[in-house]
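In the working numbering, the protein residues as written are 3 to 128.
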């Protein structure tokens, strides 16, 4: 894992799988608006009968729970620590979540993430 900083938010990025770990509260910081972030988080529901691999929380090392980011057909299944240490997004899941929800209409966060990951890829390719 490498730590990337985006507008004072530390984003942990797995260089081998492309996944992203956000510590508790970092999604809210990314939005810059706690109310918007809470609307999104409140839409999360447990996902049942999911055939994805279970991830372990990098903080407590316990298996995380699978959650759906909405009830819509384009919902993303992400992992959440049961002890609320944070959220795990497999590769492209955070991007998909941000693009498909209406809380970041200008896609400010997507643009910032694209910029930071483009810079990170430039560094790794040198």
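Here a beta-carbon is modelled for each residue, glycine too, at the ideal position from N, C-alpha and C. None of the values given here were measured: they were computed from a predicted structure.
If I'm right that residue i touches residue j with Cβ under 8 Å, what's the distance once you round it to whole angstroms?
| i | j | result |
| --- | --- | --- |
| residue 84 | residue 67 | 5 Å |
| residue 79 | residue 70 | 6 Å |
| residue 26 | residue 98 | The Cβ separation is near 21 Å, so there is no contact. |
In angstroms with no decimal places, state the Cα-to-Cα distance between residue i and residue j.
| i | j | result |
| --- | --- | --- |
| residue 96 | residue 43 | 13 Å |
| residue 46 | residue 18 | 27 Å |
| residue 34 | residue 51 | 34 Å |
| residue 77 | residue 102 | 8 Å |
| residue 11 | residue 91 | 16 Å |
| residue 58 | residue 82 | 9 Å |
| residue 16 | residue 37 | 29 Å |
| residue 54 | residue 41 | 26 Å |
When DSSP labels each residue in this structure, what does residue i get in the three-state scheme?
| i | result |
| --- | --- |
| residue 30 | helix |
| residue 44 | helix |
| residue 54 | coil |
| residue 94 | coil |
| residue 9 | coil |
Would a C-beta distance cut-off of 8 Å place residue i and residue j closer than the cut-off?
| i | j | result |
| --- | --- | --- |
| residue 88 | residue 6 | no |
| residue 64 | residue 56 | no |
Could you tell me which whole beta strand (DSSP E) segments of length 3 or greater appear in the segment 57-83? With a minimum length of 3 residues, the continuous beta strand (DSSP E) runs that stay inside the segment 57-83 are 67-70 and 79-82.
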